[in-house]
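Trainee:
2 protein chains.
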Amino acid sequence: MSKPVRLIDVAQATNTSIKTVSRVLNGHPRVSDETRTRVQEKMTELGYQVDVVARSLRTGVDNVIGLVVPKIGDPFFAELVEEVEEEANRRGIGVIVGSTHWELDREVDLVQGFKQRRVAGMIITPQDADYSFVKDSSMPIVFVDRAPRNVKGEVIRVDDKKGAELATNHLIKHGHTKIAFIGDKLRIKTSKLRFDGFKSAMAAAKIAINDDYIINNAENAELAEPVFEELMKLDNPPTAIFCAKSEISIGIVRAMHRINRTDIAFFSFDDFTMADSLQPAVTILDHSPRVLGRAAIKRLLERMDGGAPRVGETNIPLKIIERGSGEIKAPSGKARK
Amino acid sequence: MSKPVRLIDVAQATNTSIKTVSRVLNGHPRVSDETRTRVQEKMTELGYQVDVVARSLRTGVDNVIGLVVPKIGDPFFAELVEEVEEEANRRGIGVIVGSTHWELDREVDLVQGFKQRRVAGMIITPQDADYSFVKDSSMPIVFVDRAPRNVKGEVIRVDDKKGAELATNHLIKHGHTKIAFIGDKLRIKTSKLRFDGFKSAMAAAKIAINDDYIINNAENAELAEPVFEELMKLDNPPTAIFCAKSEISIGIVRAMHRINRTDIAFFSFDDFTMADSLQPAVTILDHSPRVLGRAAIKRLLERMDGGAPRVGETNIPLKIIERGSGEIKAPSGKARK
DNA sequence: TACCTATATGACAACGATTACCTCCCTATG
DNA sequence: CATAGGGAGGTAATCGTTGTCATATAGGTA
Chain A
1 MSKPVRLIDV AQATNTSIKT VSRVLNGHPR VSDETRTRVQ EKMTELGYQV
51 DVVARSLRTG VDNVIGLVVP KIGDPFFAEL VEEVEEEANR RGIGVIVGST
101 HWELDREVDL VQGFKQRRVA GMIITPQDAD YSFVKDSSMP IVFVDRAPRN
151 VKGEVIRVDD KKGAELATNH LIKHGHTKIA FIGDKLRIKT SKLRFDGFKS
201 AMAAAKIAIN DDYIINNAEN AELAEPVFEE LMKLDNPPTA IFCAKSEISI
251 GIVRAMHRIN RTDIAFFSFD DFTMADSLQP AVTILDHSPR VLGRAAIKRL
301 LERMDGGAPR VGETNIPLKI IERGSGEIKA PSGKARK
Chain B
1001 MSKPVRLIDV AQATNTSIKT VSRVLNGHPR VSDETRTRVQ EKMTELGYQV
1051 DVVARSLRTG VDNVIGLVVP KIGDPFFAEL VEEVEEEANR RGIGVIVGST
1101 HWELDREVDL VQGFKQRRVA GMIITPQDAD YSFVKDSSMP IVFVDRAPRN
1151 VKGEVIRVDD KKGAELATNH LIKHGHTKIA FIGDKLRIKT SKLRFDGFKS
1201 AMAAAKIAIN DDYIINNAEN AELAEPVFEE LMKLDNPPTA IFCAKSEISI
1251 GIVRAMHRIN RTDIAFFSFD DFTMADSLQP AVTILDHSPR VLGRAAIKRL
1301 LERMDGGAPR VGETNIPLKI IERGSGEIKA PSGKARK
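Right, dumping it as structure tokens:
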């Protein structure tokens, strides 16, 4: 009900000018200690609070960062968001989030909206949008998880290709040659890179790839679930499966358990809840979204503080976490193809 | 690089006044069709975009809503956030999120910060903070999942007590009398209500509660995990467990699998990823965060459009999803206590 | 013709903070 | 003693938009 206190109210109450109060507020040195304390006391007494909107208008930047992810509800991105928010919050910076749902239009709209809002910076998980328009803007932006198209920007990501090679080699080391790859559409960069890693590891081991084992259109758990059964129905089914995305893994695992085929070796690129409690527990690559998120917000804050952009890719290291499902040996007696 | 286009730029380009352009922008009727189209064309030609900050300053509200949850990374809240963002986005409204990490101070800070930012509305999962300060504010607020302390507000939640009764009765119906209750601290309202439901169902069935079976300080998966083993070490261990929170369930399930005691009946109030793929799959109550989120944002938008607050609680209905773990019968031959 | 009304438009203030620029006044130095 | 220098503080413009009020023009009525 009570009107908010403004600078001018504090000024009048202390017999000073609006500018002096503003100086105190911003820690400007040209204020005598006496006035400073007097003003400060009055400010707390009256319960003064800066009007961030007015300040934003004047200074040209809103003390908020924009965060664009494909899907907030996805545990991977949820943790990333949490990490970013946590650190931003510590600095009194708000976080506006946006889900693209993997749709190009929404991605563009969100970024445009943020620009319009004069956010102080952005962290973006880019899909296919054309980011060339950010070139002629001084807005600090950090890309996460994949590089943007058409722009050289600062990117923080995991080495998807190398990770996929690690995983594939792990399965090969356990005697598998009939390895299935299940991933999302190849137009999604991450998916493509992981597929590339898979192929390169197979090639390096001189194992021919069976096209029947390659699935590149399992977008989510529901679509992935039937895939497993189809693979098992093949005349010559695979003995190991490499899943390139957590949601796909969830669907596959569900299917494996439903039809009782947990004897198949299974490697998931991403971790997911309960992956360690299943029987067998699921072997994964350790690339926590939290690490990505923390690195991204850290760099963004540095940039916002005036740091120079560090154009190029920063790779977060990857490590295999063996839990059982990935260490299932290939059935012996089967000849190498 | 190029300066943003302002109203005055459009005005000059069309030989009109800033006010006329503003009128066109806001669809004010008192503008001739001729001028209107002329201005509109010029606006798109110059690529005019409203400065939302300036507008916020003038109108007093920022076209953004504040969303406060305990933990964004928690899958439950992540889905809630996603649902809210989705609907808000459809209306061109941004969502600023904040995680309290179950800490009182942060909760208060976040809400204060949002108020300061003049957000158009808030959706809050309240913990113990004193919300009486929002009384004398006209800001639309919708509380989710639990009611705020010290204020009568609009609350959207599930009937925790009734849900716990349903769950407890379910276990009782399967022959259990030695039922353990594992929950979070009782000062968290939801926890208390669920515990109340448990007690009332036990009382209604005339089953005495064994204090050794009651754990009210398992805050997260890590703390919960050892609890299960301790329960099993009792001289007279429980035959069924009711978990009042998803993260606790995750810890307990992990322990059950680790020491191979999946013969114990298990009921989780909340759902969690993979709960349906474990063996046995975990019986839960169906109360999707998405339903909560959708209802909350829907109401908030109505309020923002001028709708009257609907003070009181709106309950989302609950339903048991039987998956196996909750239907394990009590070992026969054991005498009722 | 004088008067009134409705419509289209413009001039100007206001929102609350920041900031460029100006004015005191006190001290120090030649 | 005059003046330069610097600290402390004030005045007013500004950010881009919206709201209030005034104005001009056209058409209708007495």
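These protein sequences, in sequence, are chains A and B. Using this note's numbering, the letters of the first sequence map in sequence onto residues 1 to 337. Using this note's numbering, the letters of the second sequence map in sequence onto residues 1001 to 1337. No residue lacks a Cβ here, since even glycine has one placed at the ideal position from N, Cα and C. Quick caveat: nothing in here was measured; it's all calculated off a predicted structure.
Looking at chain A, is there any beta carbon in it that lies within less than 8 Å of the beta carbon of Gln998/B?
Mentor: A query on residue 998/B cannot be resolved here, the shown segment of chain B reaching from 1001 to 1337 and no further.
Trainee: Can you tell me where the beta strand (DSSP E) with Glu1313/B in it begins and where it stops?
Mentor: Here the beta strand (DSSP E) through Glu1313/B covers 1312-1316.
Trainee: In three-state DSSP terms, what is Gly1293/B?
Mentor: Gly1293/B: helix per DSSP, three-state reduction.
Trainee: What would DSSP say about Gly197/A, mapped onto helix, strand or coil?
Mentor: Gly197/A: helix per DSSP, three-state reduction.
Trainee: Between Asn150/A and chain B, is the shortest Cβ-Cβ distance under 8 Å, so that the two count as touching?
Mentor: Judged by the 8 Å Cβ criterion, Asn150/A is not in contact with chain B.
Trainee: Suppose the cutoff is 7 Å on Cβ atoms and the five residues either side in sequence are ignored; what does the same chain contact list for Ala1013/B look like?
Mentor: Once the five neighbours on either side are set aside, the close Cβ partners of Ala1013/B are Lys1042, Leu1046.
Trainee: In the DSSP assignment, what residue or residues form a beta bridge with Thr1283/B?
Mentor: Per DSSP, Phe1267/B.
Trainee: Would you mind working out which of Lys1152/B, Ile1093/B, Phe1267/B, Leu1292/B sits nearest Ala1281/B, comparing C-alpha positions?
Mentor: It is Phe1267/B.
Trainee: Which residues bound the alpha helix (DSSP H) around Asn1169/B?
Mentor: From DSSP, the alpha helix (DSSP H) with Asn1169/B extends over 1160-1173.
Trainee: Could you please give the first and the last residue of the uninterrupted beta strand (DSSP E) stretch that includes Gly1098/B?
Mentor: It spans 1094-1099 - the beta strand (DSSP E) in which Gly1098/B sits, taken as one unbroken run.
Trainee: Using a Cβ cut-off of 7 Å, pull out every chain A residue sitting near Ser1056/B, in sequence order please.
Mentor: Here the neighbours are Val53.
Trainee: Assuming Glu229/A contacts Gly251/A under a Cβ cut-off of 8 Å, what Cβ separation, rounded to an integer in Å, is found between them?
Mentor: Contact doesn't hold; Cβ gap of about 11 Å is too wide.
Trainee: Considering Phe1242/B, what are the terminal residues of the beta strand (DSSP E) in which it resides?
Mentor: Segment 1240-1243, the beta strand (DSSP E) holding Phe1242/B.
Trainee: Looking only at its own chain, which residues have a Cβ that is under 7 Å from the Cβ of Val108/A, when we skip the five neighbours before and after it?
Mentor: Counting only Cβ-Cβ distances below 7 Å, and skipping sequence neighbours, we find Ala129.
Trainee: Nearest by alpha-carbon distance to Ile1339/B: which of Arg117/A, Arg90/A, Gly92/A, Phe76/A is it?
Mentor: No statement about residue 1339/B is possible, as the shown extent of chain B runs from 1001 to 1337 and does not include it.
Trainee: What is the DSSP secondary structure of Gly183/A, counted as helix, strand or coil?
Mentor: Coil at Gly183/A, not helix or strand.
Trainee: Just the Cα atoms here: how many angstroms apart are Leu1285/B and Ala1167/B?
Mentor: Those two C-alpha atoms are separated by around 7 Å.
Trainee: Applying a beta-carbon distance threshold of less than 8 Å, which residues of chain B neighbour Gly153/A?
Mentor: By Cβ distance, chain B contributes nothing, its closest Cβ being about 17 Å from Gly153/A, past 8 Å.
Trainee: Can you pull the chain B residues whose beta carbon is under 8 Å from the beta carbon of Gly113/A, in chain order?
Mentor: The answer, in chain order, is Gly1092, Gly1094.
Trainee: At which residues does the beta strand (DSSP E) containing Asp1062/B begin and terminate?
Mentor: Asp1062/B -> beta strand (DSSP E) spans 1062-1069.
Trainee: Can you pull the chain A neighbours of Phe1272/B, defined as C-beta to C-beta under 9 Å?
Mentor: Simply Thr273, Met274.
Trainee: For the alpha helix (DSSP H) that contains Ile1008/B, what are its first and last residues?
Mentor: 1007-1014 is the extent of the alpha helix (DSSP H) around Ile1008/B.
Trainee: For Lys1319/B, name the three-state secondary structure that DSSP assigns.
Mentor: Reduced to three states, the DSSP call for Lys1319/B is strand.
Trainee: What does a CB cutoff of less than 6 Å around Ser1288/B pick up in its chain, not counting 5 residues either side in sequence?
Mentor: Correct list: empty, nothing qualifies.
Trainee: Taking just the CA atoms, how far does Asn1315/B sit from Leu1292/B?
Mentor: Cα-Cα distance, rounded: 9 Å.
Trainee: Tell me which same chain residues have a C-beta within less than 6 Å of the C-beta of Glu1225/B, skipping the five on either side of it?
Mentor: Same-chain partners within the cutoff: Gly1251, Arg1254, Ala1255.
Trainee: Which of the three DSSP states, helix, strand or coil, is assigned to Ala120/A?
Mentor: It is a strand residue.
Trainee: Pull up the distance between the alpha-carbon of Val144/A and that of Asn217/A, whole angstroms please.
Mentor: The straight-line gap from Cα to Cα measures roughly 23 Å.
Trainee: Report the neighbours of Asn1089/B on chain A: residues whose CB is nearer than 7 Å to its CB, in chain order.
Mentor: The answer, in chain order, is Gly98.
Trainee: For Gly1073/B versus Ala78/A, is the C-beta spacing smaller than 8 Å?
Mentor: It is a contact, given that the beta carbons lie within the stated cut-off.
Trainee: Flag this pair as yes or no: are the beta carbons of Thr1020/B and Val1005/B separated by less than 8 Å?
Mentor: No, the pair does not count as a contact, with Cβ atoms beyond the cut-off.
Trainee: Of all Cβ atoms in chain A, is any one closer than 8 Å to the Cβ of Ile1018/B?
Mentor: It does not: the Cβ of Ile1018/B has no partner Cβ on chain A nearer than 8 Å.
Trainee: Can you tell me which of the three DSSP states Gly1113/B falls into?
Mentor: It is helical.
Trainee: Which of helix, strand or coil does DSSP assign to Asp1212/B?
Mentor: The answer is helix: DSSP assigns Asp1212/B an H, G or I state.
Trainee: With 8 Å set as the bound, which would you pick, yes or no: does the beta-carbon of Lys1334/B sit closer than that to a beta-carbon of chain A?
Mentor: Any reading at Lys1334/B must be qualified, since the residue scores a pLDDT of 44, below 50, and its modelled position is unreliable; no value is offered.
Trainee: Hey, quick one: how far does the alpha helix (DSSP H) through Val39/A stretch, first residue to last?
Mentor: Here the alpha helix (DSSP H) through Val39/A covers 33-46.
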